[in-house]
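If you count the sequence shown from 1, position 217 lands on 218 in our numbering, and the numbers rise without skipping.
Backbone N, C-alpha and C fix where the C-beta goes; we use that ideal spot for every residue, glycine too.
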Amino acid sequence: MVVKPKIVWGNSYASYDGDRITDYKVTDDIGKGLYDEVPSFQVSLEEFNPFYREVADFILARLGYPVVRVELTPFQMRTAIDESIQRMSYHAPVWTKQYAVFQTQLGENLYEIPRFIADNLTYVIYKKTLLSIQAQAGTLEFDYFIKYFQDAHLFSDFSVGEFYILQMHLEMVRKILSQEGAWDVLNGNLLQLTPTPAVDDYCILEYRALDSNTIHYAYKSWIKRFALACCKEILGQIRGKYQTLPGPGGGAQLNGQALTQQAMQEKEQLIQELLTELEEPPLITTF
Numbered sequence: 002m003v004v005k006p007k008i009v010w011g012n013s014y015a016s017y018d019g020d021r022i023t024d025y026k027v028t029d030d031i032g033k034g035l036y037d038e039v040p041s042f043q044v045s046l047e048e049f050n051p052f053y054r055e056v057a058d059f060i061l062a063r064l065g066y067p068v069v070r071v072e073l074t075p076f077q078m079r080t081a082i083d084e085s086i087q088r089m090s091y092h093a094p095v096w097t098k099q100y101a102v103f104q105t106q107l108g109e110n111l112y113e114i115p116r117f118i119a120d121n122l123t124y125v126i127y128k129k130t131l132l133s134i135q136a137q138a139g140t141l142e143f144d145y146f147i148k149y150f151q152d153a154h155l156f157s158d159f160s161v162g163e164f165y166i167l168q169m170h171l172e173m174v175r176k177i178l179s180q181e182g183a184w185d186v187l188n189g190n191l192l193q194l195t196p197t198p199a200v201d202d203y204c205i206l207e208y209r210a211l212d213s214n215t216i217h218y219a220y221k222s223w224i225k226r227f228a229l230a231c232c233k234e235i236l237g238q239i240r241g242k243y244q245t246l247p248g249p250g251g252g253a254q255l256n257g258q259a260l261t262q263q264a265m266q267e268k269e270q271l272i273q274e275l276l277t278e279l280e281e282p283p284l285i286t287t288f
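Structure representation (C-alpha cells):
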C-alpha cells in the first residue's frame, strides 16, 4: 500500500510541528507556479503569482510593450517561464538545500512524496543511528565499537583514518544483518524504504528547491532572460507566418526570422552560462 505521509519542512533546526506542506504544494511562488495544474488557454496575467507576474512583465517590457504590440498570450508566456524554471531547478546550486521530514508507519515501506521534493532529492536519512559513536552500553553499536578497538589495539593511537574504517566496518555489519537503512525512488514520486519499518520512525529528506523569497539575483536574472529567449522564439514563429502587413507606404516589415535566430543564439549562450558560471561546480577534496 502506498502511504501519503504528512510532511513538514524547514531548516535543520525546525521542530517537527513546523511549516506543513498543505496538499503537497510548496509555499514559495516558484513552486506554486511550476507544480500547479497546467492552465488553459484562457489563463490571464491576473492569475499569475507574484514571481510569474514579475517575469512576464520583464518579457513584455523587453519586447517593446506597450509601445509596440506583442503577439503573445499569457499562456504562451507561462509555458516559456515554466521551461526556464525547470532548467534552473535541475541545476539548482548547493545553497538551495532544503530539509523535510515525515513519520514512517509500521509495516509500510512505500511513501508518496511531493514532486518538487522527488525531482531534486539528494539524500534520505533513514535508520542511520548505528553509525553514531554516541552509543549506549549494551547496544549493538557499542559492542562493535569496543570489540573493534580491542582487537586492533588502537586505544593508545586513535586517528581519523581509523574512525572512518570503523564506520565502514559498522555499515558492512549492519547491511549483513539487514539493519542498514536504504532508499530508492519509484515512478518519480514514490519513496521506497529498506528494510520495512518495524516501528514508527522518522525519515529525513534532503533536497534542492528554488525559493522566490531567497533566490539570488543572478539566478533570477537568468530565469528572466531564458524565458525571454523562449518567448522570442514563439513570437518569431508567429510573425514568420507573414512577410509584411498591409498599410500605407508599402506596409510594415515583420521580424519573425530575425527573432527566431536571435532566440536560438541567446538560448545557447544562456545554457552555456548556466553550465559554466551559475551551476555549482563538483566538490573535489584531498586529504
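(request) Give the single residue among E163, M78, V161 and K233 whose Cα lies nearest to the Cα of Q43. (result) Counting from one through the sequence shown, the residue named residue 43 turns up at place 42. Just measuring C-alpha positions, the residue of E163, M78, V161 and K233 sitting nearest Q43 is M78.
(request) Spell out the partners DSSP gives C204 in its beta bridges. (result) Translated into the one-based positions of the sequence shown, residue 204 becomes position 203. According to DSSP, which records beta bridges pairwise, C204 is partnered with F103.
(request) Rank Y112, P94, A93 and W96 by C-alpha distance to the C-alpha of V102 and give the top, closest one. (result) Here residue 102 refers to the residue found at position 101 of the sequence shown. Checking every option, the nearest Cα to that of V102 belongs to Y112.
(message) Looking at the secondary structure, which residues open and close the alpha helix (DSSP H) in which Q295 lies?
(response) With the chain represented from 2 up to 288, any question about residue 295 goes unanswered, as that position is not in the structure.
(request) Given a cut-off of 8 Å, decide if Q168 and N110 are closer than it, judged by their beta-carbon atoms. (result) Counting from 1 along the sequence shown, the entry for residue 110 is found at position 109. Counting from 1 along the sequence shown, the entry for residue 168 is found at position 167. Their beta carbons are not under 8 Å apart, which means N110 does not touch Q168 by this criterion.
(message) Is it the case that the stretch 253–262 contacts the stretch 88–105, given that we only count it when at least three CB pairs across the two stretches are under 8 Å?
(response) Contact fails: fewer than three Cβ-Cβ distances are below 8 Å.
(message) Please list the terminal residues of the continuous alpha helix (DSSP H) segment that includes V56.
(response) For the purposes of this step, residue 56 is taken as the residue at position 55 of the sequence shown. Note, V56: alpha helix (DSSP H), P51 to R63.
(message) Relative to the C-alpha of I205, which candidate in K7, N50 and I126 has its C-alpha closest?
(response) Mapped onto the sequence shown, residue 205 falls at position 204. Cα-wise, what sits closest to I205 is I126.
(request) Starting from W184, follow the beta strand (DSSP E) in both directions and report where the run begins and ends. (result) Indexing the sequence shown from 1 puts residue 184 at position 183. From DSSP, the beta strand (DSSP E) with W184 extends over A183 to L187.
(message) Taking its Cβ as the centre, do 16 or more other Cβ atoms sit within 10 Å of Y218, making it buried, or is it exposed?
(response) Taking the first residue of the sequence shown as 1, we reach residue 218 at position 217. Residue environment: Y218 is assigned as exposed (fewer than 16 neighbouring CB atoms within 10 Å of its CB, all protein chains considered).
(request) State the CB to CB distance for the pair Q258 and G241, rounded to an integer number of angstroms; the pair is presumed to be in contact (CB under 8 Å). (result) The residue given as residue 258 occupies position 257 in the sequence shown. The residue given as residue 241 occupies position 240 in the sequence shown. Between G241 and Q258 the Cβ distance is about 6 Å, and since that is below 8 Å, they are a contact.
(message) Closest to T215 by C-alpha separation, out of I60, V68 and A93, would be which residue?
(response) Start at 1 with the first residue of the sequence shown, and residue 215 comes out as number 214. Residue A93 is the option with its Cα nearest to T215.
(request) Confirm, please, whether the CB-CB distance from L73 to I224 is below 8 Å. (result) Looking up residue 224 in the sequence shown gives position 223. Looking up residue 73 in the sequence shown gives position 72. Not closer than 8 Å, so no.
(request) Taking V200 as the reference, give the member of G108, Q262 and R54 with the closest Cα. (result) Working through the sequence shown from its first residue, we reach residue 200 at position 199. When each option's Cα is compared against that of V200, the closest is G108.
(request) Return the CA-CA distance between L122 and A210, expressed in angstroms with no decimal places. (result) On the sequence shown, residue 122 is found 121 positions in, with the first residue counted as 1. On the sequence shown, residue 210 is found 209 positions in, with the first residue counted as 1. Rounded to whole angstroms, the gap between the alpha carbons of L122 and A210 is 9 Å.
(request) Using a threshold of 8 Å, state whether the C-beta atoms of K128 and D202 are closer than that. (result) Here the question's residue 128 lines up with position 127 in the sequence shown. Here the question's residue 202 lines up with position 201 in the sequence shown. It is a contact, given that the beta carbons lie within the stated cut-off.
(request) Decide if T286 is buried, meaning its Cβ has at least 16 other Cβ atoms within 10 Å, or exposed. (result) Counted from its first residue, the sequence shown places residue 286 at position 285. Annotation note: pLDDT 49 at T286 (below 50); position unreliable, no value reported.
(request) Would you check if the distance between the CB atom of L64 and the CB atom of V56 is smaller than 8 Å? (result) In the sequence shown, residue 64 corresponds to position 63, counting from 1. In the sequence shown, residue 56 corresponds to position 55, counting from 1. Result no, Cβ atoms of L64 and V56 do not sit closer than 8 Å.
(message) Tell me the residue span of the alpha helix (DSSP H) that contains I82.
(response) Here residue 82 refers to the residue found at position 81 of the sequence shown. The continuous alpha helix (DSSP H) containing I82 extends over residues P75 to Y91.
(request) Would you identify the three-state DSSP class for E278, choosing helix, strand or coil? (result) Here residue 278 refers to the residue found at position 277 when the sequence shown is read from its first residue. Helix.
(message) Can you give me the C-alpha to C-alpha distance between E269 and Y66, rounded to a whole angstrom?
(response) Indexing the sequence shown from 1 puts residue 269 at position 268. Indexing the sequence shown from 1 puts residue 66 at position 65. E269 and Y66 have their C-alpha atoms some 25 Å from each other.
(message) Please report the distance separating the alpha-carbon of K5 from that of Q238.
(response) The residue labelled residue 5 in the question sits at position 4 within the sequence shown. The residue labelled residue 238 in the question sits at position 237 within the sequence shown. Roughly 44 Å between the two C-alpha positions.
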